[in-house]
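Asks: No gaps in the numbering here: position 168 of the sequence shown is 445 in this note's numbering, and each next residue is one more. Where is the CB? At the ideal position from N, CA and C, for every residue including glycine. A single structure is presented below for examination.
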Amino acid sequence: MELLLQQILAGLATGGIYACMALAIVMIYQAIDHLNFAQGEMAMFSTFIAWQLLQWGLPYWAAFVLTIGISFIGGLLIERVVFKPIHDAPVLSHVVVFIALFAIINSAAGFIWDFTIKPFPTPFGTSPLFGSTLIGAHQGGMIAVTLLVLVFLYIFFRYTSVGLAMRAAAGNPESARLVGIRVGWMIALGWGMAAAIGAIAGMLIAPVVFLDPNMMLGILLYGFAGAVLGGLTSPGGAVIGGFAVGIMENLVGTYVPYVGSELKLPIALVIIVTVLVVKPGGLFGRVSVQRV
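Right, dumping it as structure tokens:
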């Protein structure tokens, strides 16, 4: 029983990271109807920026907040400079640009900081939380920061005029334009916020997986699984899906024979394929009906 509870709590900690990635994926998907294959690399590059700021002597939380701001501006600029000019281009053009962006960011990080694995500090420590062996201090910190981010986003999208405008622009851009909402800038803000959320996920998971240019490949795959499970049209569903994937990953890796830690990554692929076959819209996604 203690092992089961330990795995569930650990799954909630990593699931919070997957939830952040899934939310970032869904935010961009709602804005442009395409999946951002470079989301993980953007988060990885932001984490390297945080590491560099720490090497220059900045306190952890100052580097944390500054990295979020830099990531927000970077995401906004990517949308304005790269994707705005090809907004009406075919789907394949967007896919090619996403793949190119993935390769460019990955190579740039390796060129600037090289491909050696680097330790990333945690402000929460590595001792057990409250003296309990069920969950570590860093895992507890990951859960706490993730919940704070989710509460902030809920308040932002529910009660602020900018958040409501972003929801309107994503849900019905034509009607949003008719009431004076600048849909293009709302999409750019969505990109900036997705990049900032990804940066938070990268900085929280880096002490666990260590820092290198390929650190977010598996995390992105689990984020995709969470987004598909919850529904690509439902931000709240993506969050729930991310937490669920984290718990399932840990439980399957612990209790299913012959899986172990080496074969946990295919679990995300199994979840994606199963959901797309059984319920393509995800658990909480809305069904899209078109008249032909």
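Measuring CB atoms only, is the region 454-469 touching the region 293-302, in the sense that at least three cross pairs come out at less than 8 Å?
Replies: The region 454-469, when compared against the region 293-302, does not touch it at the 8 Å Cβ threshold.
Asks: Give me whichever residues DSSP pairs with L488 in a beta bridge.
Replies: DSSP, once it has assigned bridges, lists K395 as partnering L488.
Asks: Less than 8 Å between the beta carbons of V303 and A472, yes or no?
Replies: For V303 and A472, no; Cβs fall outside 8 Å.
Asks: In the DSSP assignment, find the unbroken alpha helix (DSSP H) run with T531 in it and report its ends.
Replies: First-last of the alpha helix (DSSP H) with T531: P512 to Y532.
Asks: Using DSSP with H/G/I as helix, E/B as strand and the rest coil, what is G413?
Replies: Of the three classes helix, strand and coil, the one that applies to G413 here is strand, per DSSP.
Asks: Can you tell me whether DSSP reads P543 as helix, strand or coil?
Replies: It is helical.
Asks: At the level of alpha carbons, what is the spacing between P396 and A483?
Replies: Approximately 8 Å, taken between the alpha carbons.
Asks: Can Q329 and L528 be called in contact, C-beta distance under 8 Å?
Replies: Going by C-beta atoms, Q329 is not nearer than 8 Å to L528.
Asks: Mapping DSSP to helix, strand and coil, what is P405?
Replies: Strand at P405.
Asks: Just reading off the alpha helix (DSSP H) that A290 is part of, what are its end residues?
Replies: That run of the alpha helix (DSSP H) goes E279 to I309.
Asks: Identify which residue in A478, G519 and L289 has its Cα closest to the Cα of G507.
Replies: Considering only alpha carbons, the answer is G519.
Asks: Can you give me the start and stop residues for the alpha helix (DSSP H) that W390 sits inside?
Replies: V368 to W390 is the extent of the alpha helix (DSSP H) around W390.
Asks: Tell me whether the beta-carbon of M492 lies closer than 8 Å to the beta-carbon of L466.
Replies: For M492 and L466, no; Cβs fall outside 8 Å.
Asks: Is W468 helix, strand or coil when you go by DSSP?
Replies: Helix, per DSSP.
Asks: For N383, count the other beta carbons within 10 Å of its own beta carbon; 16 or more makes it buried, fewer makes it exposed. Which is it?
Replies: When all chains shown are included, N383 counts as buried.
Asks: Excluding five sequence neighbours on each side, which residues of the same chain lie with their C-beta closer than 6 Å to the C-beta of S587?
Replies: Here the chain comprises residues numbered 278 to 569, so residue 587 is not present and cannot be evaluated.
Asks: Within a Cβ cutoff of 6 Å, which residues of the same chain sit near S404, ignoring the five residues on either side of it in sequence?
Replies: Around S404: A414.
Asks: Would the beta-carbon of L353 fall within 8 Å of that of V422?
Replies: No; because the gap between Cβ atoms is not below 8 Å, this pair is not in contact.
Asks: Are there 16 or more other CB atoms within 10 angstroms of the CB of A380, so buried, or fewer, so exposed?
Replies: Label assigned to A380: exposed.
Asks: Mind checking if L553 is an interface residue toward chain B, Cβ cutoff 8 Å exclusive?
Replies: Chain labels in this structure do not include chain B; a single protein chain is all it has.
Asks: What does a CB cutoff of less than 6 Å around I544 pick up in its chain, not counting 5 residues either side in sequence?
Replies: Excluding sequence neighbours, I544 sits near E526 and V529.
Asks: Does the beta-carbon distance from I294 to M419 come in below 8 Å?
Replies: Yes, Cβ-Cβ distance for I294 and M419 is below 8 Å.
Asks: Using CA atoms only, rank isn't needed, just tell me which of A366, T399, A377 and F375 is closest to G479.
Replies: Selected option, being the one with the closest Cα: T399.
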